[in-house]
Structures are given as structure tokens and as C-alpha cells.
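Residue numbers for the sequence shown follow the UniProt record's numbering, so the first one is 227 and each next one is one higher.
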Amino acid sequence: VVAHGQPTHAVETTCAYCGVGCSLRAEMQGAQVVRMVPVATGGANQGHACVKGRFAWGWTRHRDRVTTPMIRERRTDPWRAVGWDEAIAFAAERFRRILADHGPRAVGGVTSSRCTNEEIYAVQKLIRGGFGTNNIDTCARVCHAPTGYGLRQAFGTSAGTQDFQSVDQADLILVIGANPTDGHPVFGARLKRRVRQGATLVVIDPRRIDLVGAPHARARLHLQLRPGSNVAMLNALAHVIVTEGLVDRAFVAARCDLESFAAWEEFVADPAQSPEAVAEITGVAAAEVRAAARLYATAGNAAIYYGLGVTEHSQGSTAVMAIAHLAMATGNIGRPGVGVNPLRGQNNVQGSCDMGSFPNELPGYRDVADPAVRALFEAAWGRTLDPEPGLRLPQMLDAAVEGRFKALFVHGEDLAQSDPNTRHVVAALEALDLLVVQDLFLGETAAYAHVFLPGTSFLEKDGTFTNAERRINRVRPALAPRTGRHEWRIAADLATALGFPMGWDDGAAILDEIARLTPSFAGVSFARLDRAGSLQWPCNDAAPDGTPILHVEGFVRGKGRFVPTPFEPTAEQASRFYPLILTTGRVLAQYNVGAQTRRTDNLVWHGEDVLEIHPDDAAARGIADGELVTLASRIGSTTLRARLGDRVPPGVVHTTFHHPVGGANVVTTDRADWATGCPEYKVTAVEVSRANFP
Ligand code: SF4
């Protein structure tokens, strides 16, 4: 029950949900939060918030919250509630035994993009220093890992180029594979406002998302391409730009690597890349593609915003590079109103990548194989580090199934619901000798755990989140940890129990350590954030007030780099038995696997996942609106309620994965991006039939 009445005081903090990172004021009555109010001076939101941040915070005191550590010998035993010291000692003893028997490469961990930078830094330090391995990954693996790879190839750094307010100066906005009004609502509203003011909007998406027909902010063009054809579409846009003389030659000459540009130009100019040649692949009329390319290349300021509809493909990294090429070829980079902007899913996806959660990178995206980089961290941490890059999460799961990987520390991620091919994930979790889960609730993954370490809600955390525009925001505790222990301290205590002492007084001390070791964070501290409100990295001597827009004078890598991006069709093709293509997404009121939002009143807006299906496809199968249907792929099958409508074209169906019942990931495959292993959630060949209950 939420207390009502006049607040007695307030604490300014940051939303727990999406990558917009809205500043919110938790208004308190004594020790109770009574409401969340968007902060007018919030750098990312300027007084706005959505239905998630504003209302969906009651889960923080939900009866399902686990507040006491729990252990069990076997995963079939009942949980036994214990004190923190016993839980840490139990986990440490198990880890120690496995490390002795199988070595550090049989052990690993996953960090959480819902946790603070300080907590993530602590967990990756535990894994590298305490376990002695680079087997570390982040839940960004399953969403924006291709962004990290693709933008780094082109620009030299793995981050969006603009601040959000940059969109206010865009003349053309190209949204590809993103649904900002549902996924990033406060930014989506800002984008629509700019379109109402006169900017041209082009949407590239297999679904007719709300932006396409938004009142007074309607898209000029909607290129409703087939799922899996992004790269062919992006190459076709580039073809028009190159062959119709729309390249910004002066920008390319001054800012880009000319040899790589020449190779790319020759590749995209080939008639095989033309809109006409790929119309069969994309399903979009060539005239519309040509019109979109001309609009993008000739607008004064053209900005691209993209999301998981770009990254979660077998060619996710290729598509990110192709987007970066469009921006460089037309000179749409390095000033307000332009740029390449990944819309990050979780509130701290950017931070989890920044903090060294990838198996090949220490904090600040520094190569773990580089002896000079390792020496810096070894000197600071007092521990020799493994020079070999470690396993990615899917590789850890595969190795577990094969018996080569024995123990996993999962920090705030529900792998058994969020990752593709649930059956394979469960087989991997069952094969582990030790699974330690640190989370808020007993989710699907915790069913396979031996140790459960309760985590803190955002209202109990003291640290920072980094949003999609690289904005580091303070997360201040409105409440004391209900569990009695901060999450960073859990990692520190476990590391210490393993003989690798990790001690800090508070979150501020951890951020100070991050700043000492990470050049892009060198000027960041709690004190500076409290004075400035927020800071966008890089923030250091060269940019003491932070960096709202990247690549203004030159790219981080020097000259911008192009690479040819040939289209390779995904192996996941429709067939006679699986003739439809399933693509997955999110809705406004719910958030990811729903662990938090399902435990709030937002449930009234989205009580179950449904399957959107075109009326023609439904009629062909005798399916009525609201009827339960079986959704089957080559991997598995599940039951969902059908919703008929033309948001999806014939041949395509769509669902969300906010609820464990129905679980879309029972059917998604473990096909993945060639460069990063990011799963191909957006393309699964399926069949739909009326559910046949006995
Ligand atoms: Fe802002 Fe995103 Fe939170 Fe909504 S979910 S309030 S848009 S940060």
C-alpha cells in the first residue's frame, strides 16, 4: 500500500528503467516514498517522465523482494535463509573448490545493466581479480554489443554521438529499428515535437510503429522492410547517395580515411546494391528507397536514431557500420542536429560497457591483451591479470553444456527468461556445479541457483548510471538497503573471502577509483556531479565540462573508416513448415522481462504478452481475435493470445517478452550476430495455429 500525503522531504535520483535516464525526485513521507516527480532541470528529461518512471516504482517494496541471502547444497533442495557472512563464506568456499579443481577459465560472471557503474565495476573487478579470469560479459551482449563493435570500427569509440537535445536541431530524422514512443518514451516525445515543428521523419521498420502515423508528427515515409533485410536496405540508401552525387566530398576528404572510402564507394555503387536490385529482398519499392536517400542526404541536418531492430540480427554489427557510413558520407556527424544515435534499452547499458564488462576489454574499452593496459590495472589492483580475452556469455553457456565451464556469477539478469533458446539456457544452468544469482526477485534463473544474494532497488543505491547520450547521472539513496548490504559490497566481500581484498568506504570511493583508471571518466566524481547535475563523458582535462557531442573536430580513431558491408541473408529463413517470421519488441507500460513492472499497477495496461498477426494470416489459419494460439518454431513452442491487426504486414508476426508465461524466447533461436554473438531475436521462422487444448 502506498502511503499518501504531503511529502516531508525529497531525494533526487535517476529512473530505474530505460536508457533515457530521466532525473526523478523521490518525494518522501518519513521513510516512505510517496511519489516520483520528474525533475525540471534533469539533463535528459527536463521535467518529463513516462508511465514507467513516474508510476512503476512500487515493486521496490513488493512482497516478492528477497531481502535475506539464501543457500542450498543442491538446486533441488529447499532454500535456507542465512546471514550475509554465511552466504559469502558458502559461495567463496564453492568457488575456491571449483577454481582449484578446474582453473579460472571454468568460472565466470555476468554484470547487470540495471546496476550502477560502481556496482558493475566492483563485479568485473571480482571476476578479473578474485576469480582470475576474463570470462565476463554483460547483458548488453544480447542488445547493443553490435553498437559497440560497429561504431568503434567506424569512429573509434563505442558510444552514441549526440546529446538528446541535438534532435531539436535536426531537419530530417531517420528512425530505423527503434520504437521510441514505447521503448524510450521521453525521448520519443521530444522527437515527435521536433517533427511537429517541421522536421521530416522517415521510419524504417517491419512494423507500423506509432511514430509512423503519430498525429501531427506523421512520418513522410515508412519503409516497411522485411525482417532481416536491414543491410540490403542501408546499402541501397548508400547506393543512391553515391550514384546520384549526394556525397559530401569536402567532409569525406577532410575527415575520413580515403582509401577505405574508395573501396566502400566502389562496393555500394555496384548496381547489385541498387534499390531496384534489392527490392525483392527488402520488399520495399525502389522509388521509396530513392526518395528516403535523397531526403537524408539533402536535409541540412540529418540524424539517425536506431535500436535493437538494427542490432539483434545475424548482421547486427554490419548494419551499425552501414549506418555510420551513411552519416560520414553525407557529413552528418560532429555538430548539433546530426549524428548516429543508438537508443539504449536499459538505464545503464552504456555504463556496463564503459565499466569493462566485455571479455576482451578492461574499463574504458581498453584491450585486456595489451600489456601496458594490464600493467596499469595490475598496479592498481595488486593482482596479475589473465592476458587472454575470456568467453562471451553464449560461449560460457555452450561450454557449460559441454562440461568445460563449472561456475557462474549472475548479477541482476534473468538469463532463463531474457536470453534466446530457453531450453539451451536451462540445460547450461543445470550443468553448472555452482550458480550464484544476485537479484531482486527469485526469477526464472534463480530456480537453478545454489546461492541467492539479494540485491538493492534503485531507491536504495548510491552511485551513477550512464544513459544513452553518455550522461552520467547520480543515483541517490532515498531508502537504506532493505537487504542490509550495498551490492558493491557483496562483490567486495566475496572477492575478499577469495583472498583478493576489495574494500571501499562508499560508492564515491569506487567512482574515484574508476576516474583514476579510466581516462574518459577522469573528471567525474560524486562532488562534481552534485554540482553540475550530470556530466557527459569524456570528462577530463581536455573536456572539463564533459562532451555533449562527439567527433566535432576529428574522430576518436583519427580518420573515419569505411568498410564494404555485403548483405548476407540470415540462415533463419521461412519454410513450408514455418512460413511466418516472428519479430519481438516491447510495449510502453512494461520493461524487458517485467521483473519490476509486472509487480506494479502498470500490469493493468499490459497483463499478458500477445501475438500480433495480420488478419490475412489469421484468416488463412482460422484464427479469431483474442483466441489462444500455438506459436511454434524449429526450437520450441508456446501459447499466446492472438491480436489481429495491420501493424504487422502479412507474413510477419510480433510479440513481446515481458511475461514468463508465454515466454517468446522459448521459440527464438541462438543464431547470432557474426561479430559479437548478439542473438538474432528479430528473425525467427514460425508457424501459428489455433491452440489445441484437450
Ligand atoms: Fe524516462 Fe525511460 Fe524512465 Fe520513462 S522509462 S521515465 S523515458 S528513463
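Glycine included, each C-beta is placed from N, C-alpha and C at the ideal position.
Quiz item: So which of 777, 607, 649, 756 has the shortest CA-CA distance to residue 726?
Solution: Here residue 726 refers to the residue found at position 500 of the sequence shown. For the residues 777, 607, 649, 756, the minimum Cα distance to residue 726 belongs to 607.
Quiz prompt | Counterpart residues of residue 504 in DSSP-defined beta bridges | solution = Translated into the one-based positions of the sequence shown, residue 504 becomes position 278. DSSP output for residue 504 lists no bridge partner at all.
Exercise. Closer than 5 Å is what we want: which residues have a beta carbon that near any heavy atom of the ligand SF4? List them in chain order.
Key: 241, 243, 244, 246, 248, 275, 276, 278, 279, 411, 412
Quiz item: Helix, strand or coil for residue 264 per DSSP?
Solution: Along the sequence shown, one-based indexing puts residue 264 at 38. Residue 264 falls in the strand class under three-state DSSP.
Quiz item: Between which two residues does the alpha helix (DSSP H) containing residue 328 stretch?
Solution: Here residue 328 is taken as the residue at index 102 of the sequence shown, counted from 1. 310-328 is the extent of the alpha helix (DSSP H) around residue 328.
Quiz item: What are the residues that DSSP puts in a beta bridge with residue 839?
Solution: Here residue 839 refers to the residue found at position 613 of the sequence shown. Bridge partners of residue 839: 870, 879.
Exercise. Give a yes or no on whether the C-beta atoms belonging to residue 573 and residue 339 are separated by under 9 Å.
Key: Taking the sequence shown and counting its residues from 1, one reaches residue 573 at position 347. Taking the sequence shown and counting its residues from 1, one reaches residue 339 at position 113. It is a contact, given that the beta carbons lie within the stated cut-off.
Quiz item: Nearest to residue 480 by alpha carbon, out of 707, 741, 555?
Solution: Within the sequence shown, the letter at position 254 stands for residue 480. Minimum Cα distance to residue 480 is reached at 555.
Practice problem: Put residue 387 into one of helix, strand or coil per three-state DSSP. | Solution: As a working note, residue 387 is residue 161 in the sequence shown. In this structure, residue 387 counts as coil in the three-state DSSP scheme.
Quiz item: Which class does residue 811 belong to by DSSP, given the choice of helix, strand or coil?
Solution: Indexing the sequence shown from 1 puts residue 811 at position 585. Of the three classes helix, strand and coil, the one that applies to residue 811 here is strand, per DSSP.
Quiz item: Residues in its own chain within less than 7 Å of residue 514 by CB, not counting five upstream and five downstream?
Solution: Residue numbering aside, residue 514 sits at position 288 when the sequence shown is read from its first letter. Contacts found: 447, 449.
Quiz prompt | Pairwise C-alpha distance: residue 896 and residue 922 | solution = The shown model of the chain, from 227 to 920, leaves out residue 922, and the question about it has no answer.
Quiz item: Terminal residues of the continuous alpha helix (DSSP H) containing residue 549?
Solution: By 1-based counting over the sequence shown, the position of residue 549 is 323. That run of the alpha helix (DSSP H) goes 542-555.
Quiz item: When DSSP labels each residue in this structure, what does residue 297 get in the three-state scheme?
Solution: Your numbering for residue 297 matches position 71 in the sequence shown. The answer is strand: DSSP assigns residue 297 an E or B state.
Practice problem: Determine the contact status of residue 892 and residue 648, defining contact as a CB-CB distance below 9 Å. | Solution: By 1-based counting over the sequence shown, the position of residue 892 is 666. By 1-based counting over the sequence shown, the position of residue 648 is 422. Yes, the pair counts as a contact, with Cβ atoms nearer than the cut-off.
Quiz prompt | Which listed residue (256, 656, 251) has its alpha carbon closest to that of residue 266 | solution = Here residue 266 refers to the residue found at position 40 of the sequence shown. Closest by alpha carbon: 251.
Quiz item: Pick from 544, 848, 485: whose alpha carbon is nearest that of residue 793?
Solution: What you label residue 793 is simply residue 567 of the sequence shown in a count that begins at 1. Out of 544, 848, 485, 544 has the C-alpha closest to the C-alpha of residue 793.
Self-check item: Nearest to residue 468 (by Cα), restricted to the options 715, 521, 494
Solution: As a working note, residue 468 is residue 242 in the sequence shown. The shortest Cα separation from residue 468 among 715, 521, 494 belongs to 494.
Self-check item: Cβ neighbour criterion (16 or more within 10 Å) applied to residue 484
Solution: Here residue 484 corresponds to residue number 258 of the sequence shown, with the count starting at 1. Exposed is the call here.
Quiz item: Can you give, in chain order, each stretch of the alpha helix (DSSP H) that sits fully within the UniProt domain "4Fe-4S Mo/W bis-MGD-type" (234-290) and has at least 4 residues?
Solution: 277-281
Exercise. Could you tell me whether the Cβ atoms of residue 776 and residue 387 are closer together than 9 Å?
Key: As a position in the sequence shown, residue 776 is number 550, starting the count at 1. As a position in the sequence shown, residue 387 is number 161, starting the count at 1. Their beta carbons are under 9 Å apart, which means residue 776 touches residue 387 by this criterion.
Quiz item: What residues in its chain sit with their C-beta under 8 Å from that of residue 202, if we drop five residues either side in the sequence?
Solution: In the structure as shown, the chain begins at 227 and stops at 920. Residue 202 is therefore absent and cannot be evaluated.
Quiz item: Going straight from the alpha carbon of residue 638 to that of residue 337, what length do you get?
Solution: The residue given as residue 638 occupies position 412 in the sequence shown. The residue given as residue 337 occupies position 111 in the sequence shown. Answer to the nearest angstrom: the Cα atoms are 7 Å apart.
Quiz item: Pick from 869, 860, 861: whose alpha carbon is nearest that of residue 843?
Solution: Working through the sequence shown from its first residue, we reach residue 843 at position 617. Considering only alpha carbons, the answer is 869.
Practice problem: Between the Cα of residue 281 and those of 916, 866, 816, spot the shortest distance and give me the residue it belongs to. | Solution: As a working mapping, residue 281 is identified with position 55 in the sequence shown. For the residues 916, 866, 816, the minimum Cα distance to residue 281 belongs to 816.
Quiz item: Cα-Cα, which of 367, 275, 841 is closest to residue 618?
Solution: Sequence index remark: in the sequence shown, residue 618 carries index 392 (1-based). It is 367 whose Cα lies nearest to the Cα of residue 618.
Quiz prompt | Span of the alpha helix (DSSP H) around residue 423 | solution = Here residue 423 refers to the residue found at position 197 of the sequence shown. First-last for residue 423: undefined, no H or E at that position.
Quiz item: Going by C-alpha distance, which of 439, 385, 546 is nearest residue 458?
Solution: The residue you call residue 458 lines up with position 232 of the sequence shown. Checked all of 439, 385, 546; the closest Cα to residue 458 is 546.
Quiz prompt | Continuous beta strand (DSSP E) assignments of at least 3 residues falling wholly in the stretch 587-647 | solution = 633-637
Quiz prompt | For residue 395, the three-state DSSP class (helix, strand or coil) | solution = As a first step, residue 395 must be located in the sequence shown, where it is residue number 169. Of the three classes helix, strand and coil, the one that applies to residue 395 here is helix, per DSSP.
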